[in-house]
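The opening residue of the sequence shown carries number 3 in our numbering; numbering runs sequentially from there. One structure is given here, and the rest of the page talks about it.
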Amino acid sequence: MKLRKGCAYKYIIFTVLILANILYDNKKRCMIKKNLRISSCGIISRLLKSNSNYNSFNKNYNFTSAISELQFSNFWNLDILQKDIFSNIHNNKNKPQSYIIHKRLMSEKGDNHNNQNNNGNDNKKRLGSVVNNEENTCSDKRMKPFEEGHGFTQVDKMNNNIDNLQQNGVMNLNSNNVDNNNSVVAKKNEPKIHYRKDYKPSGFVINNVTLNINIHDNETTVRSILDMDISKHNVGEDLVFDGVGLKINEISINNKKLVEGEEYTYDNEFLTIFSKFVPKSKFAFSSEVVIHPETNYALTGLYKSKNIIVSQCEATGFRRITFFIDRPDMMAKYDVTVTADKQKYPVLLSNGDKVNEFDIPGGRHGARFNDPHLKPCYLFAVVAGDLKHLSATYTTKYTKKKIELYVFSEEKYVSKLQWALECLKKSMAFDEDYFGLEYDLSRLNLVAVSDFNVGAMENKGLNIFNANSLLASKKNSIDFSYARILTVVGHEYFHNYTGNRVTLRDWFQLTLKEGLTVHRENLFSEEMTKTVTTRLSHVDLLRSVQFLEDSSPLSHPIRPESYVSMENFYTTTVYDKGSEVMRMYLTILGEEYYKKGFDIYIKKNDGNTATCEDFNDAMEQAYKMKKADNSANLNQYLLWFSQSGTPHVSFKYNYDSEKKQYSIHVNQYTKPDENQKEKKPLFIPISVGLINPQTGKEMISQTTLELTKENDTFVFNNINVKPIPSLFRGFSAPVYIEDNLTDEERILLLKYDTDAFVRYNSCTNIYMKQILMNYNEFLKAKNENLQNFNLTPVNTQFIDAIKYLLEDPHADAGFKSYIVSLPQDRYIINFVSNLDTDVLADTKEYIYKQIGDKLNDVYYKMFKSLEAKADDLTYFNDESHVDFDQMNMRTLRNTLLSLLSKAQYPNILNEILEHSKSPYPSNWLTSLSVSAYFDKYFELYDKTYQLSKDDELLLQEWLKTVSRSDRKDIYEILKKLENEVLKDSKNPNDIRAVYLPFTNNLRRFHDISGKGYKLIAEVITKTDKFNPMVATQLCEPFKLWNKLDTKRQELMLKEMNTMLQEPNISNNLKEYLLRLTNKL
C-alpha cells in the first residue's frame, strides 16, 4: 500500500513539474501560471539537489527524462506543493492585477537573444546615432550624426552626417525590465510594450552600494552588498532584482544565505526573493556572481576591448554585472573596489575619488573608489588596463578648487590625446561662464577604448569614449575628428549636471538629459569654432535625418509614450529634435531669462530625478518674469514633447503702401500619423527680419513672433517699402518652411541677408525647386520611353549668385561649401513620393553639369587660390592649436575638387595626384575618393592604404572613403575589403566603416536587382548574432523604404521579412524591423 501511494505521489509531482516547466518555457503571465512557474523552480531545484546527476542537468537535458530519473525518496511529503504553489496563490489573490501579471514592472533593455547567452553578450545603449557612412560618435549613446567623414567635400560631409546617425545609433527603441512601468501582457512571441502612463515608484530603496570586482583571465567575480530599505510605496511585494546572464555563487540577506527554490528563484533575467523572506525594515542584500567580460561581444555590461576591461551600463548594462533594481530613479552612493593582475592591468579606475590602492600577494593589486554623489546604476563605470595618459590641472572659477584631469589611451596613441585635454578644459570653462556650473569632484578621468557601440558615456567622474571621439593628430586624423572631439568631450562633461546630478525619473524622459545636453553641446561648439557652418551642420543633420524619421513608420515624439526595447530608444528624434525643442526655450526667453530658468531647474532638482514637466515648469517661471505677467504659461509648449511629426509652416504676405503696414499671415499644419490622429497647434517661435529689396539692408531689428494658433497674422508698422521677409532666423524652430517667395527674392536673401541659416535655406529652396522640376521631367521621359525631351535649365541669376558668393572674400569658406552642394538625398526624399533613385541620380548630375559648365573655371581658380592658406603647416605639429577656419578652407577645396573631378575638368587628374601628396589626411583621402572617376583609382587605393594601415582610426576613415567610392565595381571592392581588411573583426567602428557609407550611393546601393539590400541584410543578420545594437544601427538605410518606388519597396521589404524570420533574431533587431514594417 505504501509503495502504491509512493508511486502515486511520484506521478502527481511528475505531472505538476512537467506542467510547470511548459508554463515556464512559455513564460505565461496569469496568476496561477506565474505561481506554478516560480514555485516549481524551487521544487525542481530542491529535487535536483538531492540527486547525483544534478550537476549534469542543463538546458539541453531532456526535462521529462530528467524528472523520471529523480530519486523521490526524500520528497514523499506533499507539503512541497502546498507550501510553494497553493499558498502563493492564496497570498496573491487580493493583490492588484498589475502586480500579479508582472510584479516587477517591465524591462528597459531587452535581453537581446531571449537570454540564450548566459555570458551576458547582450547589447546596449547612442544615439545613438550614426548616419551615413560615418559613425560620428556623438557625445553619447546615440553617436553623433554630422561627422564629416574624411572631411573632403561638403556633399560627402553631409552624407557622413547620415552615416553617423546610422551608427549612432541615432536610431534605436528596446528593453527587458522597464525602469518603472508595468508591462502589458504580450501574446506569444510578441514583444512586451511599456507605457509611460504606467510609471510607479519602486517598493524598495537602495541607499549604498559596495562592490568588489575581481578580474581574472577567464572570469570575473563580482561581490555586491546593497544597503536597502522598504519604501513608502511597498505593498508587501516580492523583492525582484534585474540580473542577466549571471552565475550565482551566493545570495544572502543580513548575512543569512538564501536557498534557491525555497527563498528565491532566478530565471537568468530576474532574481525574485519571496516576500516572506524580505525584512520589513533596513537590511543588507549580498550577492556574489561570476561574469565573463572576455567573451562579451555585445559590448554592454562589463566587456573586454583589446586588453582593456571596460564597462558600459546605459541603459541596462549594470544588470549584466550584478543584481540590482535597474532603473534610473534608483539612486545610491557607491563604494567600489577593483582587483586585477598588476602587470596586465596596472591602471584601475572607477567613479568618484580614489580612496586608496594596495598590492595583493600573487602579483595582483587593487584600488578602492568612493563616489559621494547619489547616482543611478547606469552611471556606474569601471576600467582596468595597461593605459598611459596625459594630465593637467584645472582651477574652478568660483571656488578656486584644483581639479586633476586625466585622459587615457593605449600607449601608442597617447600623442593623440592633447586636443581632447584642451577640449575638456574649454568645456569646464564654458559651463562656468555660461551656466555658472562648476565640477564637483577632485578628479575627472577620460578613457579611450577601441570597441564601443556608441560615441561616449558620461559615467560620473569616469567618462568612457569610443577612440574615434577622443583621439586625434593632424598627421593621422581627418579634419572632422577635431570638431567631433570638441562636441563629444563637451557633451559628456555637460552631462555632469544635465543627466548625472539631475537625472531621469524614468527612461521615457531620455530627451531631458540627451536633448538638453545636445543643446548645451551645440551652444558650446558654436562658441568655440566661431564658424557659421557649425550651426548649419546641426540644422542639416536634423533636416536630412530626423525629418526623414519623423515621416517614417518609426516616427515618435521626443518623449515617446511607449517602447519595447530601451536600446532602440536612442534616436535622432530624442537627441536632435529634442535639442531643438530645448533651444527654442532660449529663442523664446532670450539669453538673460533662459539662464534664470535653467538656474531654477538645476537648483530645484539637484541630486534628484526629474521629468520634462520639471524643466518646462522652470522655464515657465522665467517666462512669467520676462512677460511680467503671472498668468503667462508654457502649457502649450509641452506638446513638443508629446506630439510626433514635423510641422509645416506656410506664409502669405500683404503690404499696404498707404498705411506703411506689412502683414505676415502664418499657418501651421502637422500631418496626422499613427501616434496622433489629430494634431494640435504648437507653440512655434519665429525669429524674423525684414530686408529692403532695393538696398539689401535690414529694415527692422530682429524680432521673435510667437505662433500659438493654427492661423495668425503679425503686423509691422512704419515699413516704407515692401520688404522681403527673412524667416526662421537661426532655424528658430524645427519645421518645414514654406516661404512662398519668388526665386528673385530668395536670391536677394542668399546674397545679402545677415543670417547664415536664411541664406542657406534660400539656396536650398532654389535647389529643391530645380530638382523637383527636373526629376519630374526625367521621370516622365523614362515612363514614356522618350529619347528626346526638354529639361528646365538652372536659373542663370542663381548661378550668378553662387559665383558672387564664391568670390566674396568675407564669406565663410564652409558656407561656400554648402552653396555649391545640392541638398542631401535624405532631405530631397521628403519631397518626392515613390522615388526612383536612378532618376534622382540623373537629375542631380544634370543640375551639377548645368552649374559646372558656367562655374568650373571659377571652381578651379578658387581651388588653386586657397591652397597656400588651407594647407599651411605652421601649426601642423601643435595639437593644442586647431584652426577651424583653415579646416573649412580645406573642406571647400575638397568639395571643389570633387565637383571638378565629376566634370572631368581638363588636367584635373594631375591635381588629384598632387593633392594626394598633402600631409593632411582629409586631402589625400579626398584624392582617393575622386579618383574613382579615373583609371588611377587602384593606384591611390594602394598608396593610401599604406598610409592608413598602422593607425586603426585612420584605417577606419580609409575604409569609409573606399566604401563610398562612386564606381560600378563597388561590390567587388567591398568584397575585397571584407576579405583583406575587415576579415572577422567584431569592432563596431570597422563594421560600420565598411558598409554604411556604401548605402548612401543612390545608384549602387539601390540597384534595381536588390543586391545592395541583400548585402546589407546579410551583414545585419551576421552582426546580430554577437552585437544586436550594432545590427540595429546597420538597419538605418532601410528606414526610407516606404519613400521608394514600388519595386524597390518590395525588395527592401523582402529583405526585412527575411531577417525577421531568423530563428534567433535579437529583441533589438526584431522590434526595430517590426516597427519599421508597420507590424508593431
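Built from N, CA and C at the ideal position, the CB exists for glycine as well.
C-alpha distance - residue i paired with residue j, whole-angstrom precision
i, j, result
"residue 1077", "residue 424", "42 Å"
"residue 684", "residue 651", "11 Å"
"residue 714", "residue 419", "53 Å"
"residue 920", "residue 492", "30 Å"
"residue 630", "residue 433", "28 Å"
"residue 608", "residue 600", "12 Å"
"residue 57", "residue 343", "Because the pLDDT of residue 57 is 41, which lies under 50, any placement of that residue in the model is unreliable, and the question is left without a value."
"residue 861", "residue 457", "36 Å"
"residue 898", "residue 947", "24 Å"
"residue 931", "residue 482", "16 Å"
"residue 506", "residue 379", "12 Å"
"residue 275", "residue 240", "6 Å"
"residue 1", "residue 625", "Summary: the structure shown does not reach residue 1, with the chain confined to residues 3 through 1082, and so no result is reported for it."
"residue 628", "residue 595", "7 Å"
"residue 575", "residue 299", "28 Å"
"residue 855", "residue 1021", "41 Å"
"residue 969", "residue 1015", "17 Å"
"residue 619", "residue 632", "13 Å"
"residue 294", "residue 321", "13 Å"
"residue 656", "residue 716", "10 Å"
"residue 283", "residue 613", "29 Å"
Buried versus exposed call for residue i [16 or more other C-beta atoms within 10 Å across all chains shown]
i, result
"residue 386", "buried"
"residue 1068", "buried"
"residue 902", "buried"
"residue 362", "exposed"
"residue 521", "buried"
"residue 1072", "buried"
"residue 516", "buried"
"residue 909", "exposed"
"residue 374", "exposed"
"residue 1091", "Residue coverage of the chain in this structure runs from 3 to 1082, which leaves residue 1091 outside it and unanswerable."
"residue 811", "exposed"
"residue 816", "buried"
"residue 497", "buried"
"residue 354", "buried"
"residue 757", "buried"
"residue 441", "buried"
Span of the beta strand (DSSP E) around residue i
i, result
"residue 907", "Unbroken run through residue 907: none, as it is neither H nor E."
"residue 390", "390-397"
"residue 355", "355-362"
"residue 537", "From DSSP, residue 537 is part of no beta strand (DSSP E) but of the alpha helix (DSSP H) over 534-543."
"residue 666", "663-671"
"residue 484", "Note, residue 484: premise wrong, no beta strand (DSSP E); alpha helix (DSSP H) at 482-496."
"residue 941", "No beta strand (DSSP E) holds residue 941; the alpha helix (DSSP H) holding it covers 939-950."
"residue 200", "196-201"
"residue 272", "272-275"
Residue i, enclosing alpha helix (DSSP H) - first and last residue
i, result
"residue 1049", "1048-1062"
"residue 768", "758-785"
"residue 1067", "Segment: none, residue 1067 is in no alpha helix (DSSP H) and carries neither H nor E."
"residue 975", "972-979"
"residue 1035", "1030-1035"
"residue 930", "923-932"
"residue 226", "That residue, residue 226, is in no alpha helix (DSSP H); its beta strand (DSSP E) goes 222-232."
Residue(s) in a DSSP beta bridge with residue i
i, result
"residue 246", "DSSP output for residue 246 lists no bridge partner at all."
"residue 372", "337 and 355"
"residue 468", "451"
"residue 303", "314"
Within the segment 806-844, ranges of the alpha helix (DSSP H) (whole runs, at least 4 residues): Listed in chain order, the complete alpha helix (DSSP H) runs (minimum 4 residues) inside the segment 806-844 are 815-821 and 827-830.
- request: Any chance you could list the beta strand (DSSP E) runs of at least 3 consecutive residues sitting entirely within the segment 689-726, in chain order?
  value: Listed in chain order, the complete beta strand (DSSP E) runs (minimum 3 residues) inside the segment 689-726 are 705-709 and 713-718.
field: Ordered list of alpha helix (DSSP H) runs contained in the segment 555-637, each at least 4 residues
entry: Those alpha helix (DSSP H) runs which fall completely within the segment 555-637 and span 4+ residues are 580-607 and 614-629.
field: 4-residue-minimum alpha helix (DSSP H) runs that sit fully inside the segment 406-442, ordered along the chain
entry: Runs found: 420-437.
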